[in-house]
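There are 2 protein chains.
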Amino acid sequence: MKITLRGYYAMLALASMAGKDQNGGLVRLEEMTERHSIPENFLLQIFQALKRAGLVRSKRGVHGGFQLTRPPHRITLAEIIESVEGRILPGPLEERPEPTHRPESWRALDGFWEELRERVRGEVDAYTLADLADRIHAPESEMYHI
Amino acid sequence: MKITLRGYYAMLALASMAGKDQNGGLVRLEEMTERHSIPENFLLQIFQALKRAGLVRSKRGVHGGFQLTRPPHRITLAEIIESVEGRILPGPLEERPEPTHRPESWRALDGFWEELRERVRGEVDAYTLADLADRIHAPESEMYHI
DNA sequence: TGTATACATTAGAAAAACAATCAGGATTAT
DNA sequence: ATAATCCTGATTGTTTTTCTAATGTATACA
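As they're listed, the protein sequences go chains R and C.
Using our numbering, the letters of the first sequence map in sequence onto residues 8 to 153.
Using our numbering, the letters of the second sequence map in sequence onto residues 8 to 153.
Below is the structure:
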């Protein structure tokens, strides 16, 4: 039960877009990759997925870049993670579609599994991109009471 | 954000132990592997992990097998999953221990991440092996109102 | 005591997933 | 036209996951 670098990169990059409202909120990939040391072409792949999921828009050419399609407080972490690495807690049930070799006991778990999946997703869904960005861009508060 | 077959196999096998109270609750591996079509040596490995985590005991030899160390309602899914596939939602921070190449923005996420992790774990911890076993062994209830 | 039974341990192969990398293309502002 | 930027698909190297094999150890029972 893990999260991969894809999801992590996506969260970092999107969080760093959350503040940028100048030139229409357009942010270039390069700007994000160098700030967080993310391989540029890899982040590009990730943003294609985010785009397919409708979380960002893109503009090509000289003053191009990426842009959030919604305000940060209306984008949840669950959406971000699912966009780039598939459904939360998919479980091996979906990966093993051989109906013959799938014993009855596996099917009996389907409902149970879906219920647990929904509750976990609910937790991740409770956090928004705005929460994330706040934490990243206001870490100084912690330094005051050391 | 996924769970692997290891975790799934573990849940299935343990759930099928939950009912078995005859001969001291000892269940042979073979009995579990054939019921759920799980590769035997793979399940053996998984049970070694469950044993290290203290969720099962084992007895070798002729009338040997595995045995739960606690009643099913006192074993949570979080324990099972963590036993066989490590911490829930560890986050890439732990897997990337290169302190030099870890940018400040990553560290800024540590607290945030730990908080999310705890809440997700809490959800998985709310389900016990007994809940799981009930769902598997009483699926007939659903058939009555079709 | 010997033998079949069942777990124990370690090594490693095969396949899948992950994390990039690369090449060549398309669009846009200037 | 040119430079900047995103777009697309293929490919590659590494790690993880899944599974297999070989060999060893403890136990019950004839």
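A virtual CB, placed ideally from N, CA and C, is assigned to each residue, including glycine.
Being a predicted model, the structure only gives us computed values, none of them experimental.
Residue-level contact check: G118(C) touches chain R, since one or more beta carbons of chain R fall below 9 Å from its beta carbon.
Residue-level contact check: M8(R) touches chain C, since one or more beta carbons of chain C fall below 9 Å from its beta carbon.
Rounded to the nearest angstrom, the gap between the Cα atoms of I45(C) and A25(R) is 46 Å. In the DSSP assignment, V91(R) falls within the alpha helix (DSSP H) that extends over L84 to E92.
For R35(C) and T76(C), the gap between their C-alpha atoms comes out near 15 Å. At least one beta carbon of chain R lies nearer than 9 Å to the beta carbon of S44(C). Between Q74(C) and the set G31(C), P97(C), E125(C) and M18(C), the nearest pair of CA atoms involves G31(C). For I53(C), the nearest beta carbon of chain R is not closer than 9 Å to its own beta carbon. Under the DSSP assignment, L36(C) falls in the alpha helix (DSSP H) whose first and last residues are L36 to H43.
A residue is called buried once 16 or more other Cβ atoms fall within 10 Å of its Cβ, and R13(C) is buried on that count. In the DSSP assignment, G26(R) is bridged to no other residue. Proximity of P110(R) to chain C, defined by a Cβ-Cβ separation below 9 Å, is satisfied. When only Cα atoms are considered, A137(R) and V63(R) end up about 15 Å apart.
Taking all protein chains shown into account, G72(C) has 16 or more neighbouring C-beta atoms within 10 Å of its C-beta and is therefore buried. In this structure, the beta-carbon distance from I10(R) to M8(C) falls below 9 Å. The beta carbon of T40(R) is closer than 6 Å to those of E47 and L50 in its chain, skipping five residues each way along the sequence. Q29(C) has its alpha-carbon roughly 42 Å from the corresponding atom of V131(R).
Chain C has a Cβ within less than 9 Å of the Cβ of M18(R).
Nearest C-alpha to L139(C) among R42(C), A60(C), S65(C) and P79(C): P79(C).
Chain-order list of chain R residues neighbouring A56(C): empty, with the shortest C-beta distance near 15 Å, by a criterion of under 9 Å.
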